[in-house]
Amino acid sequence: MSNRPADGPRAPSLGITSPISVTEPTDSDMQASRELEECLRAFGLFESDQEMEHRMNVLSKVNHIVQTWIKDMSAKKMPKQNAELMSGKIFTFGSYRLGVHTKGADIDTLLVAPRHIERSDFFDTFEKLLSAIPDCEYVRAVEEAFVPVIKTKIEGIELDILFARLALKNIPPDQDLRDGALLKNLDEKSVRSLNGSRVTDDILLLVPNHESFRLALRAVKLWAKKRGIYSNALGYLGGVSWAMLVARTCQLYPRASAATLLQKFFLVFRQWPWPKPVLLRHNSEDNPNLGFPVWDPRINPADRYHLMPIITPSYPQQNSTFNVSSSTKSIMTNEFSRASDCIDEVMS
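First residue of the sequence shown: 218, per this note's numbering; consecutive thereafter.
So this is what it looks like as structure tokens:
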């Protein structure tokens with residue numbers, strides 16, 4: 218028996234195709250999802266309310282430092298009364314922003330500054346401000362990385378802090394990063410830094426049911442780690458790629474419970490006709506055409522050789538799985554089939 222009325226509102230249609238099924242979850246589906254959550258809790262994946270509040274307090278402390286720093290740096294470049302009006306903004310992204318972080322996980326953060334604040338300021342004066350925090354255990358700057366970052370640990374919470382400056386006079390508290398036009402005239406390091414936050418927010422926008430998505434994604438991430446296939450560097454999939462695969466499953470089954478999504482996830486990707494790309498939306502839906510390279514095998518010959526393309530939904534769209542080799546692809550497809558058989562047996 219369905220736990221929702223059959224004539225309820227239509228599920229939103231998201232993605233590049235129509236859903237496979239918009240069937241409502243049954244009582245047994247919902248029970249299976251509750252049991253799935255209990256299983257994940259037994260693995261210690263969820264933080265307590267107190268631990269989550271501690272994370273928010275640390276982020277609040279970092280935000281306070283950011284605002285002080287922006288005003289101090291601005292005062293060196295403009296009259297003090299104008300500098301006092303300047304601000305920046307901290308965005309979170311990755312697993313924390315998606316709501317699937319585990320105990321002890323770091324927080325991916327992005328510091329967005331107005332146009333008069335330089336990246337060199339970030340790696341000089343902001344790094345020193347962090348070091349001066351009494352409960353800061355360490356600060357490590359990796360300025361020459363592909364995506365430059367400051368790594369720090371404050372009150373036991375690890376943070377990776379990226380930096381981007383926008384071509385704006387000031388950053389208001391309600392600043393949104395989803396508008397691709399914001400990337401105009403930015404350097405590639407700023408674009409790469411912004412992309413983490415933009416992709417995470419777009420994934421959430423393109424998923425019809427956040428609660429079911431999060432629980433299913435937690436299960437998939439745990440499974441991938443236990444099976445040794447959670448590693449972008451080793452030619453498997455990283456966190457963002459797994460999130461996009463689960464998000465695509467949610468688009469295909471927009472009303473499914475978390476347990477059903479998990480079953481359908483393995484069914485869909487054991488049968489997926491690679492190298493057909495996984496897309497959450499058409500690239501043309503977010504393409505301000507600012508000249509940055511975009512994944513497109515029709516134009517870029519190198520893109521034709523990607524074996525398991527999973528394409529980020531935000532401009533400039535990229536393949537998040539370019540490291541996948543024929544051997545790691547074979548291992549992952551075998552694992553999809555194995556898991557699909559196992560979960561079918563459990564759910565039957």
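Heads up, the beta-carbon is just placed ideally off N, CA and C, and yes, glycines get one too.
What you are looking at is a predicted structure, and each value in this text was computed from that prediction instead of being measured.
Alpha carbon of residue i to alpha carbon of residue j, nearest angstrom
i       : j       : result
Gly-508 : Asp-404 : 12 Å
Arg-227 : Phe-308 : Residue placement at Arg-227 is poorly supported in this model, since its pLDDT is 45, which falls under 50; the coordinates still yield a value, given next. Looking at the two C-alpha atoms, the distance is approximately 32 Å.
Arg-415 : Lys-481 : 27 Å
Gly-305 : Pro-351 : 23 Å
Met-549 : Tyr-453 : 8 Å
Arg-515 : Glu-264 : 45 Å
Glu-562 : Leu-478 : 15 Å
Ala-358 : Phe-340 : 7 Å
Asp-419 : Arg-395 : 8 Å
Leu-496 : Thr-545 : 21 Å
Leu-423 : Thr-529 : 12 Å
Tyr-355 : Ser-348 : 7 Å
Glu-241 : Ile-527 : 28 Å
Ser-337 : Trp-286 : 13 Å
Met-525 : Asp-325 : 25 Å
Pro-222 : Thr-243 : Residue placement at Pro-222 cannot be trusted, given a pLDDT of 34 that sits under 50; what the coordinates show is reported in the next sentence. Cα to Cα, Pro-222 sits roughly 11 Å from Thr-243.
Gly-232 : Arg-487 : 20 Å
Met-218 : Ser-245 : With a pLDDT of only 31 at Met-218, under 50, the local geometry of the prediction cannot be trusted, and the value read off the model is given with reservation. Approximately 9 Å between the Cα atoms of the pair.
Asn-551 : Asn-402 : 44 Å
Asn-220 : Ser-429 : The predicted position of Asn-220 is uncertain, since its pLDDT is 37 and thus under 50; a value taken from the coordinates is nonetheless stated next. Using only the alpha carbons, I get a separation of about 15 Å.
Arg-382 : Val-463 : 32 Å
Pro-505 : Tyr-532 : 8 Å
Lys-368 : Ser-238 : 44 Å
Leu-302 : Cys-256 : 49 Å
Ala-441 : Tyr-522 : 24 Å
Phe-343 : Phe-483 : 45 Å
Ser-565 : Val-317 : 28 Å
Lys-288 : Val-275 : 20 Å
Asp-224 : Pro-236 : For Asp-224, the predicted structure reports a pLDDT of 36, less than 50, and the residue's modelled location is therefore unreliable. The matter cannot be settled from this model.
Opening and closing residue of the beta strand (DSSP E) in which residue i lies
i       : result
Leu-442 : The sequence shown places Lys at residue 442, rather than the Leu named in the question. Looking at the DSSP string, Lys-442 is not in any beta strand (DSSP E); the run it does join, the alpha helix (DSSP H), is 427 to 443.
Thr-309 : 306 to 310
Ala-464 : Note, Ala-464: premise wrong, no beta strand (DSSP E); alpha helix (DSSP H) at 456 to 469.
Alpha helix (DSSP H) segment containing residue i, residue limits
i       : result
Ile-560 : 543 to 564
Ile-197 : In the structure as shown, the chain begins at 218 and stops at 565. Residue 197 is therefore absent and cannot be evaluated.
Leu-479 : 475 to 487
Anticipated Cβ contact below 8 Å, residue i with residue j, distance rounded
i       : j       : result
Ser-537 : Val-457 : 5 Å
Leu-432 : Phe-260 : Contact doesn't hold; Cβ gap of about 13 Å is too wide.
Ser-250 : Ala-475 : 4 Å
Leu-346 : Ile-282 : 5 Å
Arg-328 : Phe-310 : For the sequence presented, residue 328 should be read as Leu rather than Arg. Wrong, their Cβ atoms sit about 12 Å apart, outside the cutoff.
Sheet register partners of residue i (DSSP bridge)
i       : result
Ile-527 : Val-495
Val-329 : Lys-306 and Ala-381
Write down every uninterrupted run of the alpha helix (DSSP H) in the region 341 to 396 whose length is 4 residues or greater and which is fully enclosed by it, in chain order. 344 to 348
Whole beta strand (DSSP E) runs in the region 265 to 307 with 3 or more residues, listed along the chain? none
Going residue by residue through the region 227 to 261, where are the continuous alpha helix (DSSP H) segments of at least 4 residues, counting only ones entirely within it? 244 to 259
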